[in-house]
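Note sheet for the following structure.
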Amino acid sequence: MPKIIDHNKRKIQIAEATWKVIVTEGLEQASVRKIAKEAGLSVGALRHYFSTQSELFAFSMKLVSDRVKKRATEKKYDGPPIEVMQEILSEFLPINDDQYIEMEVWLVFSAKTLVNSELKSLSKTVYQEMRSVVEHVIQSLVDLQMAKDNLDKHLEIERLYALIDGLALHSILHPDELSTDKMQATLKYHLKSLCKYAE
Numbered sequence: 186m187p188k189i190i191d192h193n194k195r196k197i198q199i200a201e202a203t204w205k206v207i208v209t210e211g212l213e214q215a216s217v218r219k220i221a222k223e224a225g226l227s228v229g230a231l232r233h234y235f236s237t238q239s240e241l242f243a244f245s246m247k248l249v250s251d252r253v254k255k256r257a258t259e260k261k262y263d264g265p266p267i268e269v270m271q272e273i274l275s276e277f278l279p280i281n282d283d284q285y286i287e288m289e290v291w292l293v294f295s296a297k298t299l300v301n302s303e304l305k306s307l308s309k310t311v312y313q314e315m316r317s318v319v320e321h322v323i324q325s326l327v328d329l330q331m332a333k334d335n336l337d338k339h340l341e342i343e344r345l346y347a348l349i350d351g352l353a354l355h356s357i358l359h360p361d362e363l364s365t366d367k368m369q370a371t372l373k374y375h376l377k378s379l380c381k382y383a384e
């Protein structure tokens with residue numbers, strides 16, 4: 186009886202191999218041959234799942250986004266509002282090994298969006314999705330009557346989004362300078378600065 190192959194699992198396996206090659210050797214070295222070897226497949230077998238390198242990169246980039254969304258939606262958040270908001274936003278920060286790899290791969294792919302229209306389109310979609318989470322956090326502060334009276338909701342959405350991006354980028358580029366604890370403390374400090382009282 187022929188072995189039944191779960192094609193989606195195989196595609197994820199290849200995408201994870203792509204991540205590993207990118208993290209260890211860089212995007213420019215992420216050839217189909219190296220990725221196939223890392224995945225334990227022949228080049229021909231890999232081409233069966235992804236006919237082009239661009240298609241493989243798009244799937245690999247989307248997998249990062251899917252993992253973050255899955256984690257965020259399946260997690261149960263409980264506690265004081267500021268702590269819950271911090272925990273939600275921390276899904277976008279490299280606060281553990283898995284999230285560090287995801288963020289590093291995402292940043293590498295983000296640079297590639299400048300010359301790859303398929304990746305650029307995906308990046309824009311994820312940008313909008315992440316922005317909606319940030320908007321939800323700011324709106325929650327307003328709805329819970331925790332936000333300062335003069336808070337400019339639209340500007341604060343942009344500022345918080347920029348802070349999250351900046352923390353993630355600095356953590357990847359300068360991990361010795363920006364620890365997980367410092368990232369979390371900075372995020373919490375900023376959230377509290379938006380409130381009319383400290384929690």
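Numbering-wise, the sequence shown is residues 186 to 384 according to our numbering.
The beta-carbon is built from N, C-alpha and C at its ideal position, and this holds for glycine as well.
Please tell me whether serine 245 and alanine 296 are closer than 7 Å, where the distance is taken between their beta carbons. The residue you call residue 245 lines up with position 60 of the sequence shown. The residue you call residue 296 lines up with position 111 of the sequence shown. Between serine 245 and alanine 296, the C-beta gap is not smaller than 7 Å, which leaves the two residues out of contact.
Bounding residues of the alpha helix (DSSP H) (the contiguous stretch that carries glutamine 284): As a first step, residue 284 is located in the sequence shown; it is residue number 99 there, counting from the start. Note, glutamine 284: alpha helix (DSSP H), 282 to 297.
Under 8 Å Cβ to Cβ from tyrosine 271, same chain only, skipping five residues before and after it: list those, please. Along the sequence shown, one-based indexing puts residue 271 at 86. It should be pointed out that residue 271 corresponds to glutamine in this sequence rather than to tyrosine. Gln369, Leu372, Lys373 and Leu376.
Report the residue from Leu379, Phe242 and Val228 whose alpha carbon sits nearest the alpha carbon of leucine 326. Taking the first residue of the sequence shown as 1, we reach residue 326 at position 141. Nearest option by C-alpha distance: Leu379.
Closest to glutamate 314 by CA distance: which of Lys196, Asp191, Tyr382 and Ser250 is it? Locating residue 314 in the sequence shown gives position 129, counting from the first residue. Nearest option by C-alpha distance: Ser250.
With distances taken between CB atoms, is the gap from leucine 352 to leucine 278 smaller than 7 Å? Your numbering for residue 352 matches position 167 in the sequence shown. Your numbering for residue 278 matches position 93 in the sequence shown. In this structure, leucine 278 lies closer than 7 Å to leucine 352 by Cβ.
Can you tell me the Cα-Cα spacing of lysine 367 and proline 360, whole angstroms? As a first step, residue 367 is located in the sequence shown; it is residue number 182 there, counting from the start. As a first step, residue 360 is located in the sequence shown; it is residue number 175 there, counting from the start. Rounded to the nearest angstrom, the gap between the Cα atoms of lysine 367 and proline 360 is 11 Å.
If you draw a straight line from the C-alpha of valine 319 to the C-alpha of serine 364, how long is it? Translated into the one-based positions of the sequence shown, residue 319 becomes position 134. Translated into the one-based positions of the sequence shown, residue 364 becomes position 179. Spanning the alpha carbons of valine 319 and serine 364 requires a straight line of approximately 22 Å.
Cβ contact check for the segment 298 to 315 and the segment 229 to 244: 3 or more pairs under 8 Å: Contact between the segment 298 to 315 and the segment 229 to 244 is present, because at least three Cβ pairs lie under 8 Å.
Near isoleucine 357, what residues of its chain come up, given a Cβ to Cβ distance below 8 Å and the 5 sequence neighbours on each side ignored? Counting from 1 along the sequence shown, the entry for residue 357 is found at position 172. Taking isoleucine 357 as the centre and dropping the five residues before and after it, the same chain places the C-beta of Pro279, Tyr285, Met288, Glu289 and Leu292 closer than 8 Å to its C-beta, in chain order.
Between leucine 372 and the ligand ZN, is the CB less than 6 Å from at least one heavy atom? The ligand ZN is not part of the structure shown, which contains no ligands of any sort.
Sub-7 Å separation of tyrosine 262 and valine 269 beta-carbons: Here the question's residue 262 lines up with position 77 in the sequence shown. Here the question's residue 269 lines up with position 84 in the sequence shown. It is a contact, given that the beta carbons lie within the stated cut-off.
Measure the C-alpha to C-alpha separation of threonine 203 and leucine 336 and round it to an integer number of angstroms. Here residue 203 corresponds to residue number 18 of the sequence shown, with the count starting at 1. Here residue 336 corresponds to residue number 151 of the sequence shown, with the count starting at 1. Going by the C-alpha atoms only, they are around 43 Å apart.
Beta carbon of lysine 219 nearer than 7 Å to that of valine 206: Within the sequence shown, residue 219 is the residue found at index 34, counting from 1. Within the sequence shown, residue 206 is the residue found at index 21, counting from 1. Against a cut-off of 7 Å, the Cβ pair of valine 206 and lysine 219 comes out as a contact.
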